[in-house]
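Read the structure below first, then the notes.
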Amino acid sequence: MNAKLTLTSNDGQKFEVEKEVALQSQMIKGMLEDIQSAASVPLANVNGQTLAKVVEYCKFHYEATKKGDTQKTKAAIKKWDKAFLNVEQSVLFDLILAANYLHVESLLQLTCQAAAKLICNKTTQEIRDMFNIENDLTAEDEAQLLSEIEWKFE
Amino acid sequence: MSAGDRWRRPATGPELRGKKNNDSTSEALLGLTSEPGPGQEVPTIVSLPCGVLSHIFDDLGPRDLASASCVCRSWRRLVALEAAANQVWRSFYSARWQLSGAHWSLRPQHNSGNSTSGCSSAISRIAISASRPISVPGGSRRSDGGDGSAACTSGTSGSGSSPSSSAFTPASSPEMRWQWAYGTKMLRLRSWSGRYSAEQVVGHKMAVRAVRLLPTCDLMATASLDRTVRLWDLRSGLPLGHSRAHGGIVRCLALDPGLLASGSSDSLVRVWQPRPPPEGALAAAGGAAAAMPLFHISSKPYILRGHSGPVSCLALGESLAATEVCGGGSEAYGGTLFSGSWDCTVRVWRQGCDSDGGGGSGGDDDVGGVLSDASGGGTAAAAAGSSGDERSSLSAVAASGGGGSGSRRRRADEAPEAEDGGWSCAGVLQYSDWVYCCAVRGSNLLVAAGSEVVVTDAATGRAVRRYQGLHDGGAVACLEGCRSGRLLFTASGDGLLLAHDLRMKQGSRVLWHHNAAVTGLAFEDPWLASASADGCIMLQDSEQALAGGGSPQRALNANCRALHCPAGQPALCLDLADQWLAAGTESGTVRLWDFTGAAAAAERAAASRAARSVAKASRAAARQQHHHQNQNQRTQQPPPPPPPLPQPQLPPPVQRHRQRRGRQQPVDQPQPQVPQAPVLAGEAQGFAQAVDPLAAAWAAGPHGPKGVGGPWAEASPSPAASSQAAAGEPSPSSSRRSGRAGGGSGGGSSDRWRHGQPQPQHPAAFQRARGPRPPPPMAPTFRYVGSGAGGSGGGAGSGMATISGPSSQQRTPRPQRP
């Protein structure tokens, strides 16, 4: 059962992981169901740096879940996750995209929560500045919108 | 987390993605491109696909979502306009308030009075469906997700082409926009700290024991010891009718657009339901239908038999209360009615579920034995029937333990439709003591039985949590809870108002200590009203009160106000809805506090503030100009005669005052002329000469001539405000007066006033204030003072006292240097 699987990122980096680890990705799982004997999986949408992080995450969680569902491991996982997410914004969004593409549900949830934390307790303008979002609303619309969320400002 | 359930469900994932594909062109325009290809630029949040973005938004609360909705168009669409987002906002709303309470927004304004058609159409317009059994928010949300989103999709696709314009007008769209509803509700909540007008309605001959408000249908229902239930028009205060005499005093009420229920001490529950208007009347005109009241209170009600003791409380399963109730009158009421009684039980009533009810299997002794065992344990273990299916066990219990099989048999003999309207008892929850109070909040049924409070899962009847000995063993007189299931409020004869954390993260805390027994509680997130037997009604923001830490509040402020019933008329019951607070008193009158004017008053105050600041700026500019003129005049010899001024003469006290002030100042500019001087000079040359240099020196101030603007700027806003207020502009002064008068503890607008309270500090300003113009006319808002707190209340007293404040201050200037 300890079959190995090679994941290849779009920039040619190869990651050799156990099959079980890779199966956390629903996408790879589905792929393997189609092609039973595949030993190498090319992932065209993920770059090497991100894939390394994803593999790191999957490996850790695979080991952690194997240990059992105790209070102690839960705390350890939480701690590890926190350290894992201590990354730059661009890496975080890369991770979100990769998790979405590879369909790793728990990683997607984790990273989305981290992204939500970035948005939390910020004003609209702060959000725009933080993410470099262009304000494409007309002044009229914006006034309307601001009046709509007037309740927010006590 | 719960809010995001819909988005996270796999079923909606493809839907979102599919949507994205459909709208790919518009999204590309909006900057929401598809996933970046390999090796593309650094990803930002903009490059995330819609489905992923909505994952992120799942984890945000209403406040952050509101911020996000204004960031850009695509976010706006995703956060506020998408069908799924609308459902999220709906769940935000329902976690705090009754969904049916949001229908004010859809109610046609022209025939707002008690219109059956208006109400029903408003409700039927909202795409809410719900599962038949008792409300489980999660369950119902899941079930209505399908058709809700379907309806929404059509709504948003219509507005999808121009999401910025058409979607902003909620009234025009048939679909309730819950973000808008949430925001509007939040704004409306501010009324509670604003001004009110108090009224009273008289009709009952004896003490009023229960009151319920239904602002969406402009209804108020009251129940009294005189054995009747009365209906009132909420806005006009006019009586709409009264019921036939009950067999005993009426102790409790439940009111909903689809149902009016009363519980009386003859152990019966009576139910009125809106009748469908005749087809002809409906077809005739909206105006004709509007004349028909929602409930025919004088007609014969359905009678629900089962209790063996006085019915003490009624509660409606809420999330169903908003459902297809008003639709066709022939349909069964979708909700569940809970009735608590002094026979130590709470009965669960449903309409139109006879098919799976216990009608066929009545009188099964074995199950009855189970029930009595459970009751012997003194717990709400009615659902502890052997089978795992709680519905079947509930109905089995109902069939057997129906209090008396006699009544059931009797009912079977009579035509059941005529008597009970298809209502049947779907379950009995047994408690260890008299049930005083029950309420359904979210998925919980809160029951106060004697000194014990039991939090019961409304769907299964299982006790979730118990509180015992809360009020030193005294019986819990009333309770309230927050719909999110987080907080529970209890009050009792010892005057304590306690807040309990249902998630057990914090201990119980004292919110207020009344001087007398608490008789009523009402809650509209986050405002909690409590009435006590000494006539005092506390209205406080529970969020603020609990944020402050452990100790109870002592001070009254905008977040914690006191309203008063007149002496000898303490409130026995209380209800709080939308912008009304009603209290039934011992004398039979119902006191009604109307906060609907609060927003308008705050607006007026804001407008007058703006006007004042504009006036102040223009005045400062004018003075600057004068000053420059004066300087120019000083250089030219002799000075030309300045233009005459509106005030021909200065009153003597002011002049003296100015003299005195002038002497205290170092006079380094003896010659400058103030604009007022020449007028005086025309009448009394010598005196004016004595005055003018001093006054001018004062105006110049210690900073020399350029300081004319200086003292003004430093003294702002007080002199400007006061002079402006007295300068004959009615709105600022009247709003100030009434703002100060309204409510004993002040309000949002009045508070601001208190902070910026105008004090005539500047002699020049004072002099202007003493101009010959008549005092400002009383604005109509002034009547709030008279009706404000109803005579003897402390609020009215202090309000009256402060009214005379500003004018008397103007008359007796206190020299205060800025």
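Protein chains in written order, with the UniProt record's numbering: chain U, 1 to 154; chain D, 1 to 818. By construction, the Cβ of each residue, glycine as well, lies at the ideal position given by its N, Cα and C atoms. Note that the structure is a prediction, hence the values are computed from the model and not measured.
Closer than 7 Å, Cβ to Cβ, to anything on chain U: give me those residues from the stretch 181-198 of chain D, in chain order.
Here the close residues are Gly183, Met186 and Leu187.
Consult DSSP for Glu18/U and reduce its assignment to one of helix, strand or coil.
The answer is strand: DSSP assigns Glu18/U an E or B state.
Can you check DSSP and say which residues form a bridge with Arg466/D?
Answer by DSSP bridge pairing, in chain order: Val454/D.
Mind listing, in chain order, the continuous beta strand (DSSP E) runs of no fewer than 3 residues lying wholly within the stretch 490-568 of chain D?
Fully enclosed beta strand (DSSP E) runs of 3 or longer: 496-501, 509-513, 518-524, 527-532, 536-541 and 560-564.
Whole angstroms are fine: how far does the CA of Phe84/U sit from the CA of Ile77/U?
Approximately 10 Å, taken between the alpha carbons.
Ala68/D touches chain U at which residues, Cβ-Cβ below 8 Å?
Going along chain U in sequence order, the residues near Ala68/D (Cβ under 8 Å) are Ile119, Thr124 and Ile127.
Which class does Glu150/U belong to by DSSP, given the choice of helix, strand or coil?
Helix, per DSSP.
Would you tell me roughly how many angstroms separate the C-alpha atoms of Thr138/U and Asn630/D, rounded to the nearest one?
Rounded to the nearest angstrom, the two C-alpha atoms are 48 Å apart.
Taking Gly495/D as the reference, give the member of Ser508/D, Phe489/D, Ala577/D and His513/D with the closest Cα.
With distances taken between Cα atoms, Gly495/D lies closest to His513/D.
On the CB-based measure, 16 or more other CB atoms within 10 Å of its CB, does Gln71/U come out buried or exposed?
The residue in question, Gln71/U, is exposed, as its Cβ has fewer than 16 Cβ neighbours within 10 Å.
So which residues of chain D does Trp151/U contact, with C-beta pairs closer than 7 Å?
Near Trp151/U (Cβ distances below 7 Å), the residues of chain D are Gly183, Met186 and Leu187.
Is Leu145/U close to chain D? Criterion is C-beta to C-beta, closer than 7 Å.
Yes, contact with chain D.
With 7 Å set as the bound, which would you pick, yes or no: does the beta-carbon of Asp94/U sit closer than that to a beta-carbon of chain D?
Chain D contact via Cβ: present.
Going along chain D in order, which residues have a C-beta closer than 7 Å to the C-beta of Gln113/U?
Chain D residues near Gln113/U: Asp59.
Counting along the chain, where does the alpha helix (DSSP H) carrying Ala181/D start and finish?
Ala181/D -> alpha helix (DSSP H) spans Trp178 to Leu189.
Please name the residue in Ala22/U, Gln89/U, Asp11/U and Gly12/U whose C-alpha comes closest to that of Ala3/U.
Considering only alpha carbons, the answer is Ala22/U.
Does DSSP put Gly286/D in a helix, a strand or coil?
At Gly286/D, the pLDDT of 44 sits below 50, so the modelled position is not reliable; the number obtained from the coordinates is stated separately. Three-state result, Gly286/D: helix.
What's the gap between the Cα of Gly235/D and the Cα of Trp434/D?
Correcting the residue identity first, residue 235/D is Arg in this sequence and not Gly. Their backbone Cα atoms lie some 37 Å apart in a straight line.
Roughly how many angstroms lie between the CA atoms of Asp525/D and Lys205/D, to the nearest whole one?
Near 33 Å, if we compare the C-alpha coordinates of Lys205/D and Asp525/D.
In terms of DSSP beta bridges, what is Gln624/D paired with?
None; Gln624/D has no bridge partner.
How would you list, in chain order, the residues of chain D whose beta-carbon sits under 9 Å from the beta-carbon of Phe131/U?
Under the 9 Å cutoff, chain D gives Thr44, Ile45, Val46 and Val71.
Check whether the Cβ atoms of Arg76/D and Ser69/D lie closer than 7 Å to each other.
Yes, Cβ-Cβ distance for Arg76/D and Ser69/D is below 7 Å.
Contact between the stretch 198-212 of chain D and the stretch 570-577 of chain D: three or more CB pairs below 8 Å?
Yes, they touch.
Does the CB of Val52/D have a neighbour CB from chain U at under 7 Å?
Yes, contact with chain U.
From the DSSP output, in three-state form, read off Phe295/D for me.
It is coil, neither helix nor strand.
Find the residues of chain U that neighbour Asp525/D, judging by a C-beta separation of less than 8 Å, and give them in chain order.
None at all; the shortest Cβ gap to chain U is about 13 Å.
Among Tyr436/D, Ala499/D, Leu539/D and Ala181/D, which one has its Cα closest to the Cα of Ala477/D?
Residue Tyr436/D is the option with its Cα nearest to Ala477/D.
Quick one, are the C-beta atoms of Leu260/D and Ala221/D less than 7 Å apart?
Taking 7 Å as the Cβ cut-off, Leu260/D and Ala221/D qualify as a contacting pair.
Does the count of Cβ pairs from the stretch 45-57 of chain D and the stretch 86-97 of chain U closer than 8 Å reach three?
The stretch 45-57 of chain D is in contact with the stretch 86-97 of chain U.
For Cys478/D, write down the residues that DSSP places opposite it in a beta bridge.
Partner(s): Ala491/D.
If you run the structure through DSSP and keep just helix, strand and coil, what is Ser608/D?
Note: Ser608/D maps to helix in three-state DSSP.
Could you tell me the distance, in whole angstroms, from the CA atom of Leu592/D to the CA atom of Glu199/D?
Rounded to the nearest angstrom, the two C-alpha atoms are 5 Å apart.
Looking at the structure shown, is Arg347/D part of a helix, part of a strand, or coil, going by DSSP?
Correct three-state label for Arg347/D: strand.
On a CA-only basis, which of Ala582/D, Val52/D, Thr336/D and Ser613/D is nearest Ser424/D? Give me that one, please.
The shortest C-alpha separation from Ser424/D is found at Thr336/D.
For Arg465/D, which residues from the same chain have a beta carbon less than 7 Å from its beta carbon, with the 5 sequence-adjacent residues on both sides left out?
Val455 and Leu502, listed in sequence order.
Using a Cβ cut-off of 9 Å, pull out every chain U residue sitting near residue 846/D, in sequence order please.
The structure shown does not extend to residue 846/D, since chain D spans only 1 to 818, so no value can be given for it.
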